[in-house]
């Protein structure tokens, strides 16, 4: 997603107001924040679905030591960014 116009808009506001003032006045309605949140929400359900699928298939395991895949501990967890983006791309084509 292209956030550049939203960053530019925020920079212009920052020339007149401090960040705290912008947050107090606009809160979550501030366009950059709102766009970031919308992009986050768009990916949240696919991430949950894909995570549950991997768990159900046994490709990921949750253990007391942490997340494991193929018997290997994944200290940083499993990144599903590519799968989430592919899921979203597939849905937008249909």
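Residue numbers (the working numbering): 912 to 1005. Each residue gets a CB set at the ideal place from its N, CA and C atoms; glycine is no exception.
Is DSSP giving residue 938 helix, strand or coil here? Here residue 938 sits in helix by DSSP.
Report the option in 936, 943 and 934 whose CA atom is closest to the CA atom of residue 919. Out of 936, 943 and 934, 943 has the C-alpha closest to the C-alpha of residue 919.
Does the distance from the CB of residue 980 to the CB of residue 989 come in under 8 Å? In contact: residue 980 and residue 989 (Cβ atoms closer than 8 Å).
Any idea what DSSP makes of residue 972, helix, strand or coil? DSSP, read as helix, strand or coil, puts residue 972 in strand.
Whose C-alpha, out of 995, 993 and 974, is nearest the C-alpha of residue 986? If we check each option's Cα against that of residue 986, 974 comes out closest.
For residue 987, does the three-state DSSP call read helix, strand or coil? Looking at residue 987 - three-state DSSP - the assignment turns out to be coil, as it is neither helix nor strand.
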